[in-house]
Each structure stands twice: as C-alpha cells, then as structure tokens.
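Visitor:
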Amino acid sequence: MVYLSRRYRFAASHRLYAPELSEDENQRIFGKCANPFGHGHNYQVVVTVAGEVDAVTGMCCDLRALDDVVARHVVDRYDHRHLNLDVEDYVDLVPTGENIVRCIWGLLDGRVPGVRLCRVKLVETRDNSFEYAGESE
Numbered sequence: 002m003v004y005l006s007r008r009y010r011f012a013a014s015h016r017l018y019a020p021e022l023s024e025d026e027n028q029r030i031f032g033k034c035a036n037p038f039g040h041g042h043n044y045q046v047v048v049t050v051a052g053e054v055d056a057v058t059g060m061c062c063d064l065r066a067l068d069d070v071v072a073r074h075v076v077d078r079y080d081h082r083h084l085n086l087d088v089e090d091y092v093d094l095v096p097t098g099e100n101i102v103r104c105i106w107g108l109l110d111g112r113v114p115g116v117r118l119c120r121v122k123l124v125e126t127r128d129n130s131f132e133y134a135g136e137s138e
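Going by my numbering, the sequence shown opens with residue 2, and the numbers climb by one from there.
1) Straight-line CA distance for Ala-12 to Asp-77?
2) Pop quiz: Val-75 and Tyr-4 are said to be a contact at Cβ under 8 Å. What is the actual Cβ separation, rounded to whole angstroms?
3) Arg-117 and Gly-52 look like a contact to me (Cβ under 8 Å); what is the Cβ gap, rounded to whole Å?
4) Let me confirm a value: Asn-100 is counted as buried when at least 16 other C-beta atoms fall within 10 Å, else exposed. Which label applies?
5) Compute the Euclidean distance between the alpha carbons of Arg-7 and Tyr-18, then round it to the nearest angstrom.
6) Can you give me the start and stop residues for the alpha helix (DSSP H) that Val-76 sits inside?
7) Helix, strand or coil: how does DSSP classify Phe-131 here?
8) Three or more beta-carbon pairs under 8 Å between the stretch 104-117 and the stretch 37-44, yes or no?
9) Under 8 Å, do Tyr-44 and Val-124 count as touching if we go by C-beta distance?
10) Below 8 Å on the Cβ atoms is my guess for Leu-86 versus Pro-96; work out the distance and round it to an integer in Å.
11) Report the rounded CA-to-CA distance for Thr-126 versus Glu-26, giving the unit in angstroms.
12) Distance, Cα to Cα, Phe-131 vs Gly-98?
13) By the three-class DSSP mapping on this structure, what secondary structure does Phe-11 have?
14) Span of the beta strand (DSSP E) holding Leu-123?
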C-alpha cells in the first residue's frame with residue numbers, strides 16, 4: 002500500500018455566523034469572521050489516497066482521475082464562491098474549517114477509482130489547518 006498526497010487550491014469567501022445565536026454571541030465566538038459581508042481565503046486542500054502500486058504503470062493512483070474528481074466535485078464547486086450564499090452545502094451549516102473539510106471528504110469519498118480516500122487536509126491560513134480522515138478515526 003502506497004499513500005499519495007496531492008495539493009489543490011481554491012479561493013472562496015464565507016461568513017462565520019450561527020443564526021441560532023445572538024449577535025453578541027456570534028461576535029464573541031467568531032469575532033471579525035462574523036462580519037456581515039464575509040471575508041475570504043486562498044484555501045489549499047491536500048487529498049491523501051492509498052492504493053496498491055500497479056505493476057505496469059508503477060503508480061498507485063491515476064492522477065488524471067484524481068485531478069478530475071477533485072476539480073469537478075471540490076474546486077469547481079467552491080472556487081470564487083461565497084460559501085454561505087453560493088454553495089448549498091452551507092445553507093444550514095456554518096462554513097468553519099472543520100465543516101468545510103468534512104464536506105470535502107463527503108464530496109470525494111468513494112469517487113476515485115482504485116484507491117481509498119485516507120485523509121483530507123484543508124489549509125485556511127498559514128496558522129490554521131484542519132484534517133479529517135472519515136468517521137472511523
């Protein structure tokens with residue numbers, strides 16, 4: 002079994018705000034990230050898959066297939082979007098890094114042929130990153 006990690010990028014904006022909370026609670030919990038107009042990030046997503054090395058190609062994963070799946074299901078869906086307003090995943094879900102990385106996992110799990118999705122890492126800022134390895138972790 003060989004593990005392959007590949008990095009992808011998208012830019013998106015979001016607002017951290019829970020309608021169930023008061024304005025004061027949202028400000029206390031989310032601070033400037035609760036700005037009514039939102040704010041943006043240049044996100045990086047690192048996708049790690051595992052597979053057996055093919056005797057002919059010497060590869061554990063078809064990179065074109067992986068790139069295609071991530072582009073169609075993640076990058077095209079999120080790039081240059083306001084997550085709260087433009088992406089249905091976040092209509093009833095606060096688009097925190099924790100929730101975004103779990104949503105990305107759900108969008109990718111089981112979609113890349115011949116490999117198993119092992120981990121998704123979302124880098125939001127130079128100081129914040131989030132990793133998710135499915136419910137079994």
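The beta carbon of each residue, even a glycine, is placed where N, CA and C say it ideally should be.
Guide: From the atom records:
1) 11 Å
2) Not confirmed; about 19 Å, so no contact.
3) 7 Å
4) buried
5) 31 Å
6) It is not in any alpha helix (DSSP H) - Val-76 carries neither H nor E in the DSSP assignment.
7) strand
8) no
9) yes
10) The Cβ separation is near 10 Å, so there is no contact.
11) 24 Å
12) 6 Å
13) strand
14) 117-124
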